[in-house]
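Trainee:
Residue numbers (our numbering): 3 to 240.
1. Does the distance from the C-beta atom of residue 110 to that of residue 37 stay below 8 angstroms?
2. Kindly list the residues whose CB is nearer than 7 angstroms to the CB of residue 131, restricted to its own chain and excluding five residues on each side of it in sequence; keep chain order.
3. According to the Cβ coordinates, are residue 217 and residue 194 closer than 8 angstroms?
4. Excluding the 5 residues flanking residue 73 on each side, which residues of the same chain have their C-beta closer than 6 angstroms to its C-beta?
5. Quick one: complete beta strand (DSSP E) runs, 3+ long, within the segment 8-75?
6. For residue 24 and residue 92, I'd like the C-alpha separation in whole angstroms.
7. With DSSP run on the structure shown, which of helix, strand or coil describes residue 158?
8. If you run the structure through DSSP and keep just helix, strand and coil, what is residue 145?
9. Between residue 86 and residue 53, which are expected to be in contact by the criterion C-beta below 8 angstroms, what is the C-beta distance as a whole number of angstroms?
10. Name the residue from 129, 60, 67 and 116 whose alpha carbon lies nearest to the alpha carbon of residue 78.
11. Thinking C-alpha only, which one of 208, 235, 80 and 35 is nearest residue 22?
12. Near residue 94, what residues of its chain come up, given a Cβ to Cβ distance below 7 angstroms and the 5 sequence neighbours on each side ignored?
13. Between which two residues does the alpha helix (DSSP H) holding residue 203 run?
14. Output the distance between the C-alpha atoms of residue 211 and residue 202, rounded to the nearest integer angstrom.
15. Exposed or buried, which one is residue 167 when buried takes at least 16 other CB atoms within 10 Å?
16. For residue 188, count neighbouring Cβ atoms within 10 angstroms of its own Cβ and tell me buried if that reaches 16, exposed if not.
17. For the alpha helix (DSSP H) that contains residue 104, what are its first and last residues?
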């Protein structure tokens, strides 16, 4: 086991070796089955809590080693390690710069959805984050777009909600399956958190049929939507 006081001396090859020391083959086989778009040879099989802990220590001692790894990276866990290190950074400009460098290389929903910078929770950065999220969701690259929608869903469906976001997400014109799924997820969450606004958008049939029905399906499956609202939503299927 590598001592924490040695993290500041790690290099790229040592990080890769450490990841293989943490390998769980059964977990690799299970997680690979959930990610059909990721080549199984790219998956080492490191459990997420262990990877987060490693990232937290690396972010404290030597973030530049991880963030300096060449892109695209060889292993799925190296991608996620980079994402978790980015999540620990304390400077907004650097977080966004690292995301802009990394997001174009993200090629799966799991890595995309685990990218959750802690700094973005700070309402001090809401205006800047809103602008960046809108920029990302306008990108034609599917997982850059998905990430942008995810940021609006995570940080702007409560106190920072703006009705125009519904129209912005609803107008995303990207045929990629994982983008359409994120749009549906966004609207299902909006139906749970901002029902009065989201239901008007659903009633107006502004979403493509598949996304419209998937949004309703996910909302009906949610524990956060009332039974009354679920019953009404079922009548709006197309």
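Quick reminder that beta carbons are idealized off the backbone N, C-alpha and C, glycines included.
Bear in mind the structure is a predicted one, so any value in this text is a computation, not a measurement.
Mentor: In this structure, then:
1. yes
2. The residues are 122, 153 and 157.
3. No, Cβ-Cβ distance for residue 217 and residue 194 is not below 8 angstroms.
4. So the qualifying residues of the chain are 107.
5. none
6. 27 angstroms
7. coil
8. helix
9. 6 angstroms
10. For residue 78, the nearest C-alpha among the options comes from 116.
11. Taking each of 208, 235, 80 and 35 in turn and checking the Cα distance to residue 22, the smallest one comes out for 80.
12. 121, 127 and 130
13. 197-205
14. 16 angstroms
15. buried
16. Taking every protein chain shown into account, the CB of residue 188 has 16 or more other CB atoms within 10 angstroms, so this residue is buried.
17. 94-104
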